[in-house]
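Numbering (the numbering used here), first residue to last: 66 to 330.
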């Protein structure tokens with residue numbers, strides 16, 4: 066008998082909304098402390114500066130406003146797990162828009178505050194089930210808000226890496242949602258049950274084709290912390306480098322995830 070199909074992970078819309086706003090608030094307060102010199106610092110995102118990255122964080126929320134302005138799709142034709150694999154095609158347009166917005170809005174705090182206001186108003190005005198025409202397909206607003214948590218957590222790490230001592234905190238719920246969605250995306254990209262990937266305290270997934278583990282200690286286990294996992298899943302860190310630096314532990318002949326990473330780029 067084939068294994069039962071796993072039910073998709075559910076996210077509480079109220080908790081996700083609170084998490085996105087909390088993480089955005091952390092970013093906004095940190096960016097407000099940066100002077101021109103630090104805003105001009107390079108980031109690990111190609112030729113993006115810190116100023117452009119901060120402007121892009123506003124874009125993460127304004128994407129909801131932009132998609133709500135489009136006609137509502139007739140039916141849902143995508144799932145949340147499709148999103149990580151669809152955004153790479155948008156990268157050039159996203160970069161160009163981030164640069165334009167950074168130039169048009171020299172007062173970043175005012176720009177970020179306006180994005181936060183629009184995002185909150187949109188969530189107040191529209192039901193969680195309202196469909197949006199995203200790059201992955203038609204998704205409910207509630208699902209798309211989960212992707213906003215991913216964007217903000219990933220870019221919080223980018224900002225912290227770019228600006229020494231910035232230390233933007235991570236909202237626990239936002240970090241959990243980001244970790245879980247990217248772990249589930251790995252399981253979708255490399256379906257199977259031979260390897261267990263553990264990212265305590267937020268996620269455990271089974272993946273990779275091979276003999277399915279059912280009892281006792283799995284023969285193939287990968288374990289790491291949430292931020293290391295997020296960096297691996299988004300291509301900020303290579304599998305080989307993570308192993309070399311002992312940032313990830315991997316045991317078993319099917320515990321090499323190099324061929325399946327990144328899952329979002």
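Cβ atoms here follow ideal geometry from the backbone N, Cα and C, with glycine treated the same way.
{"query": "What does a CB cutoff of less than 6 Å around residue 212 pick up in its chain, not counting 5 residues either side in sequence?", "result": "148"}
{"query": "Is the distance from the Cβ of residue 263 to the Cβ of residue 286 below 8 Å?", "result": "yes"}
{"query": "With a cut-off of 8 Å on the beta carbons, I'd call residue 155 and residue 200 a contact; round off their distance for me.", "result": "5 Å"}
{"query": "Cutting at 6 Å between CB atoms, please list the residues of its own chain near residue 67, excluding the five before and the five after it.", "result": "Here residue 67 scores only 39 on pLDDT, less than 50, and its place in the model is too uncertain to base an answer on."}
{"query": "State buried or exposed for residue 97, treating a residue as buried only when at least 16 other CB atoms are found within 10 Å of its CB.", "result": "exposed"}
{"query": "Return the bridge partner residues of residue 100 from the DSSP annotation.", "result": "Note: residue 100 sits in no beta bridge, so no partner."}
{"query": "Alpha carbon to alpha carbon, what distance is there between residue 153 and residue 190?", "result": "30 Å"}
{"query": "For residue 311, count neighbouring Cβ atoms within 10 angstroms of its own Cβ and tell me buried if that reaches 16, exposed if not.", "result": "exposed"}
{"query": "Going by alpha carbons, who is nearest to residue 101 out of 82, 168, 73, 298?", "result": "168"}
{"query": "Check whether the Cβ atoms of residue 183 and residue 127 sit closer than 8 Å, and answer yes or no.", "result": "yes"}
{"query": "Could you round the C-beta distance between residue 146 and residue 239 to whole angstroms and report it? I think they count as a contact, below 8 Å.", "result": "Contact flag wrong, Cβ pair sits at about 18 Å."}
{"query": "For the alpha helix (DSSP H) that residue 119 lies in, which residues bound it at each end?", "result": "115–133"}
{"query": "DSSP state of residue 268, grouped into three classes?", "result": "strand"}
{"query": "Assuming residue 236 contacts residue 84 (C-beta within less than 8 Å), just tell me the rounded distance between them.", "result": "5 Å"}
{"query": "Let me know if residue 136 comes out buried or exposed under the rule of 16 or more other beta-carbons within 10 Å of its beta-carbon.", "result": "exposed"}
{"query": "Who are the near neighbours of residue 78 in its chain, counting only those whose CB is closer than 6 Å to its CB and skipping five residues on each side?", "result": "193, 207"}
{"query": "Let me make sure I understand the geometry here. Which of 122, 272, 324 has the alpha-carbon closest to that of residue 258?", "result": "272"}
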